[in-house]
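Using our numbering, read the sequence shown as starting at 4 and increasing by one per residue.
We put the CB at the ideal spot given by N, CA and C, even for glycine.
Quick caveat, the model's predicted, so the values are computed rather than measured.
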Amino acid sequence: MDIFEELRRAVARAREENDLPDFLAERLCRIADQPERYRRLAPDIADLAGQVALYDTYGQTGYMGMGVNNAVLEGSIRRLEEAGRSPAGQ
């Protein structure tokens, strides 16, 4: 399974199990659906998939603060979207 499929699966799980908001899921799926644009950012995509797997609507409030909340996830998405708009290597 490639990193983009891993991201798609993490999004599906987070939507089903942890109430990931649609507006974030849509942005995440747009990234997953454009591997040609984001392949050079594969390590960042892997980190993002890990964050999505830890998504918690009330992130950072549970036991040991291990969850990722909307604000953290949105910041990661924004950074990837911006990097995806930049030409490779810049």
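Subject >> Contact check, R40 vs G87, beta carbons under 8 Å >> reply: yes
Original post:
Is the beta carbon of I6 less than 8 Å from the beta carbon of I34?
Top reply: no
Subject >> DSSP state of G92 mapped onto helix, strand, coil >> reply: Model confidence at G92 stands at a pLDDT of 47, short of 50, so the residue's coordinates are unreliable and nothing is read from them.
Original post:
A13 and A56: beta carbons closer than 8 Å?
Top reply: The Cβ atoms of A13 and A56 lie closer than 8 Å to each other.
Subject >> Ranges of the alpha helix (DSSP H) found wholly within the region 10 to 70, counting only runs of at least 4 >> reply: 25 to 35, 38 to 41 and 45 to 56
Original post:
According to the neighbour-count rule (16 or more other Cβ atoms, all chains shown, within 10 Å of its Cβ), is Y58 buried or exposed?
Top reply: buried
**OP:** State the Cα-Cα distance for the pair L27 and R81, rounded to the nearest angstrom.
**Re:** 10 Å
Original post:
Nearest CA to the CA of E19: which residue from T60, E77 and G78?
Top reply: T60
Original post:
Rounded C-beta distance between A52 and L23? I'm assuming under 8 Å.
Top reply: With a contact defined as Cβ atoms closer than 8 Å, A52 and L23 miss out at about 13 Å.
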